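These protein sequences, in sequence, are chains A and B.
First residue of the first sequence? That's 2 in our numbering, and the numbers climb one at a time after it.
First residue of the second sequence? That's 2 in our numbering, and the numbers climb one at a time after it.
The structure appears below as structure tokens.
2 protein chains.
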Amino acid sequence: MPPPSDPSKDTTRAFLEQAIRLAVDNVAAGGGPFGAIVVRRGEVIARGANRVTAEADPTAHAEVVAIREACRVLGTFQLDGCDVYSSAEPCPMCMGALYWARPDRVFFASDRAAAAAAGFDDRFIYDELARTVDARDLDTRHVEVEGAGREFDAWASNPDRTEY
Amino acid sequence: MPPPSDPSKDTTRAFLEQAIRLAVDNVAAGGGPFGAIVVRRGEVIARGANRVTAEADPTAHAEVVAIREACRVLGTFQLDGCDVYSSAEPCPMCMGALYWARPDRVFFASDRAAAAAAGFDDRFIYDELARTVDARDLDTRHVEVEGAGREFDAWASNPDRTEY
Numbered sequence: 002m003p004p005p006s007d008p009s010k011d012t013t014r015a016f017l018e019q020a021i022r023l024a025v026d027n028v029a030a031g032g033g034p035f036g037a038i039v040v041r042r043g044e045v046i047a048r049g050a051n052r053v054t055a056e057a058d059p060t061a062h063a064e065v066v067a068i069r070e071a072c073r074v075l076g077t078f079q080l081d082g083c084d085v086y087s088s089a090e091p092c093p094m095c096m097g098a099l100y101w102a103r104p105d106r107v108f109f110a111s112d113r114a115a116a117a118a119a120g121f122d123d124r125f126i127y128d129e130l131a132r133t134v135d136a137r138d139l140d141t142r143h144v145e146v147e148g149a150g151r152e153f154d155a156w157a158s159n160p161d162r163t164e165y
Numbered sequence: 002m003p004p005p006s007d008p009s010k011d012t013t014r015a016f017l018e019q020a021i022r023l024a025v026d027n028v029a030a031g032g033g034p035f036g037a038i039v040v041r042r043g044e045v046i047a048r049g050a051n052r053v054t055a056e057a058d059p060t061a062h063a064e065v066v067a068i069r070e071a072c073r074v075l076g077t078f079q080l081d082g083c084d085v086y087s088s089a090e091p092c093p094m095c096m097g098a099l100y101w102a103r104p105d106r107v108f109f110a111s112d113r114a115a116a117a118a119a120g121f122d123d124r125f126i127y128d129e130l131a132r133t134v135d136a137r138d139l140d141t142r143h144v145e146v147e148g149a150g151r152e153f154d155a156w157a158s159n160p161d162r163t164e165y
């Protein structure tokens, strides 16, 4: 008799398979090969697929779409108590979005090497972000401006601010 | 007589001041202290301010809002020929969005150290992304799944795909 399977691992795989299925279906619908879901207490509360070209929105990656949808459903900008399952390793934009959304855990199936082999070179962006601003391929410049930072002063002195 | 000022530098500062003003006004409107604009051929085509708490959307950073608006205006998912001006150094999510949107140049006024001093620790996310997945503070797991990558096969064999 085979040993009993680890049920939590099975659940993880089942959710990842849902994300992969979303990605496959999205290709058929004219989108990119990426899917993501947000799960809370064992229930899928939001789904996302890559809509970059379909919606002319470079930020419409599967994870961003799913995070925005989950926040809309929950009425909050924080995803504590949620897990995110993505068909592929989130790119730096999506990982950034995940850090700001603060889910409990993030699971992914294909890693950045597999994505690169398929023509999606998220690795390039990871490498760029590790460089100093002036050493990057994208021309990015820090410019000293008089009055810079006065928005932070306004923030600090606003008693009604909502921290995030 | 003072030496003639460099007009391109003046223009850069003027656009950055617009972004800072957006950030200051946004604090008064109950939002976060960040603003960004997208400029094409010397003309502001899109503006964004941080709407994370106002719209319960953790991805609604000033740059993401401005990028999405610029793409909506231009009807494209690419910002070549455009420059982006941000009141502060874009966080990894926003830099990722900028890499995907591919503007010509990115300018910012306050750097990540100034943002950290104001309580916005984008630096933490930069540090996290430089780590391997299993060494991160956010529990992120690569899980081997049978069928992983079949979405990339579907993509490769779809003759109607739109590359991005």
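Ideal placement from N, C-alpha and C gives every residue a C-beta, glycine not left out.
The model shown is predicted, which means the values in this text are computed figures rather than measured ones.
Next on the checklist: Is there a Cβ of chain A sitting closer than 8 Å to that of residue 70 of chain B, yes or no?
Outcome noted: For the purposes of this step, residue 70 of chain B is identified with residue 69 of the second sequence, where counting begins at 1. Chain A contact via Cβ: absent.
Next on the checklist: Under DSSP, the alpha helix (DSSP H) around residue 125 of chain A begins and ends at which residues?
Outcome noted: Residue 125 of chain A sits at position 124 when you count from the first residue of the first sequence. Run containing residue 125 of chain A: 123-131, per the alpha helix (DSSP H) assignment.
Item to check | Partner residues on chain B for residue 92 of chain A, Cβ-Cβ distance less than 9 Å | outcome: Against the first sequence, residue 92 of chain A aligns to sequence position 91. Here the neighbours are 97, 100 and 101.
Item to check | Proximal chain A residues relative to residue 150 of chain B, where beta-carbon distance stays under 7 Å | outcome: Here the question's residue 150 of chain B lines up with position 149 in the second sequence. Neighbours of residue 150 of chain B on chain A, chain order: 111 and 115.
Checklist entry - Touch check for the stretch 17-25 of chain B and the stretch 34-42 of chain A: three-plus C-beta pairs under 8 Å? => result Not touching, per the Cβ criterion.
Checklist entry - Hey, residue 129 of chain B and residue 138 of chain B are a contact pair by Cβ (cut 8 Å); roughly how many whole angstroms apart? => result On the second sequence, position 128 is the one that residue 129 of chain B refers to. On the second sequence, position 137 is the one that residue 138 of chain B refers to. Residue 129 of chain B to residue 138 of chain B, Cβ: 6 Å. Contact.
Checklist entry - Quick one: complete alpha helix (DSSP H) runs, 4+ long, within the stretch 43-119 of chain B? => result Counting whole runs of 4 or more residues, the stretch 43-119 of chain B contains the alpha helix (DSSP H) stretches 63-75, 93-102 and 113-118.
Checklist entry - Using a C-beta to C-beta distance shorter than 8 Å, which residues of chain B count as neighbours of residue 105 of chain A? => result Along the first sequence, read from residue 1 onward, the residue named residue 105 of chain A stands at position 104. Under the 8 Å cutoff, chain B gives 140.
Checklist entry - Of all Cβ atoms in chain E, is any one closer than 8 Å to the Cβ of residue 136 of chain B? => result Absent from the structure: chain E. Protein chains present are A and B.
Checklist entry - Does the beta carbon of residue 45 of chain A come closer than 8 Å to any beta carbon on chain B? => result Taking the first sequence and counting its residues from 1, the one referred to as residue 45 of chain A is at position 44. Not an interface residue.
Next on the checklist: Just to confirm the assignment, what range does the alpha helix (DSSP H) spanning residue 154 of chain A have?
Outcome noted: Against the first sequence, residue 154 of chain A aligns to sequence position 153. Under the DSSP assignment, residue 154 of chain A falls in the alpha helix (DSSP H) whose first and last residues are 151-157.
Next on the checklist: DSSP has residue 36 of chain A in a bridge; who is on the other side?
Outcome noted: Reading the first sequence from its first residue, position 35 is the one you call residue 36 of chain A. A:50.
Next on the checklist: Checking 8 Å against the spacing of the C-beta atoms, do residue 143 of chain B and residue 90 of chain A come in under that value?
Outcome noted: Position 142 of the second sequence holds residue 143 of chain B. Position 89 of the first sequence holds residue 90 of chain A. Yes, they are a contact pair.
Next on the checklist: Distance cutoff 8 Å, beta carbons only. Does residue 76 of chain B sit that close to anything in chain A?
Outcome noted: Locating residue 76 of chain B in the second sequence gives position 75, counting from the first residue. Residue 76 of chain B belongs to the set of residues whose beta carbon lies under 8 Å from a beta carbon in chain A.
Item to check | Proximal chain A residues relative to residue 119 of chain B, where beta-carbon distance stays under 8 Å | outcome: Along the second sequence, one-based indexing puts residue 119 of chain B at 118. 150, 153, 156 and 157, listed in chain order.
Checklist entry - Who are the neighbours of residue 161 of chain A on chain B, taking C-beta pairs under 9 Å? => result For the purposes of this step, residue 161 of chain A is taken as the residue at position 160 of the first sequence. What residue 161 of chain A touches in chain B: 31.
Next on the checklist: According to DSSP, simplified to helix, strand and coil, what is residue 141 of chain A?
Outcome noted: The count along the first sequence starts at 1 and reaches residue 141 of chain A at position 140. Strand.
Checklist entry - Looking at the structure shown, is residue 162 of chain B part of a helix, part of a strand, or coil, going by DSSP? => result Position 161 of the second sequence, counted from the start, is the residue given in the question as residue 162 of chain B. The answer is coil: DSSP assigns residue 162 of chain B none of H, G, I, E or B.
Checklist entry - Taking Cβ positions, are residue 85 of chain A and residue 104 of chain A nearer each other than 8 Å? => result Sequence index remark: in the first sequence, residue 85 of chain A carries index 84 (1-based). Sequence index remark: in the first sequence, residue 104 of chain A carries index 103 (1-based). For residue 85 of chain A and residue 104 of chain A, yes; Cβs fall inside 8 Å.
Checklist entry - When the Cα atoms are used, what is the spatial distance from residue 73 of chain B to residue 111 of chain A? => result On the second sequence, residue 73 of chain B is found 72 positions in, with the first residue counted as 1. On the first sequence, residue 111 of chain A is found 110 positions in, with the first residue counted as 1. If you take the alpha carbons of residue 73 of chain B and residue 111 of chain A, they lie about 31 Å apart.
Next on the checklist: So, at 8 Å on beta carbons, what are the nonlocal neighbours of residue 54 of chain B in its own chain, with the 5 sequence-adjacent residues on each side left out?
Outcome noted: For the purposes of this step, residue 54 of chain B is taken as the residue at position 53 of the second sequence. For residue 54 of chain B, same chain residues with a beta-carbon under 8 Å away, outside a window of 5 residues either side, are 31, 32 and 33 in chain order.
Next on the checklist: Buried or exposed, going by whether 16 or more other CB atoms sit within 10 Å of the CB of residue 14 of chain A?
Outcome noted: Indexing the first sequence from 1 puts residue 14 of chain A at position 13. So residue 14 of chain A ends up on the buried side.
Checklist entry - In chain B, what lies closer than 7 Å to residue 9 of chain A by C-beta? => result Within the first sequence, residue 9 of chain A is the residue found at index 8, counting from 1. What residue 9 of chain A touches in chain B: nothing, since even the nearest Cβ is about 11 Å away.
Checklist entry - chain A partners of residue 126 of chain B, CB-CB under 7 Å? => result Within the second sequence, the letter at position 125 stands for residue 126 of chain B. Think of a sphere of 7 Å around the beta carbon of residue 126 of chain B: the chain A residues whose beta carbon falls inside it are 97 and 100, in chain order.
Checklist entry - Between the Cα of residue 100 of chain A and the Cα atoms of B:83, B:101 and B:95, which residue gives the shortest distance? => result Numbered from its first residue, the first sequence carries residue 100 of chain A at position 99. From the listed residues B:83, B:101 and B:95, the smallest Cα separation to residue 100 of chain A is found for B:95.
Next on the checklist: Under 9 Å, CB to CB, which of the residues in the stretch 49-64 of chain B have a partner in chain A?
Outcome noted: Listed in chain order, the positions of the stretch 49-64 of chain B with a beta carbon within less than 9 Å of a beta carbon of chain A are 51, 53, 54, 55, 56, 57, 58, 59, 60, 61 and 62.
Checklist entry - Using a Cβ-Cβ distance under 8 Å, would residue 14 of chain B count as near chain A? => result Numbered from 1 along the second sequence, position 13 holds the residue referred to as residue 14 of chain B. Taking 8 Å as the CB threshold, residue 14 of chain B lines the interface with chain A.
Next on the checklist: Considering only their Cβ atoms, is the gap separating residue 92 of chain A from residue 126 of chain A smaller than 8 Å?
Outcome noted: By one-based count along the first sequence, residue 126 of chain A stands at place 125. By one-based count along the first sequence, residue 92 of chain A stands at place 91. The Cβ atoms of residue 126 of chain A and residue 92 of chain A lie closer than 8 Å to each other.
Checklist entry - Would residue 40 of chain A count as contacting chain B if we go by Cβ distances under 8 Å? => result Your numbering for residue 40 of chain A matches position 39 in the first sequence. It does not: the Cβ of residue 40 of chain A has no partner Cβ on chain B nearer than 8 Å.
Item to check | Neighbour-count burial assignment, residue 59 of chain B, 16 or more Cβ in a 10 Å radius | outcome: On the second sequence, residue 59 of chain B is found 58 positions in, with the first residue counted as 1. Buried, by the Cβ-count rule.
Next on the checklist: Do residue 48 of chain A and residue 61 of chain A have their beta-carbon atoms positioned less than 8 Å apart in this structure?
Outcome noted: Indexing the first sequence from 1 puts residue 61 of chain A at position 60. Indexing the first sequence from 1 puts residue 48 of chain A at position 47. 8 Å or more divides the Cβ of residue 61 of chain A from the Cβ of residue 48 of chain A.
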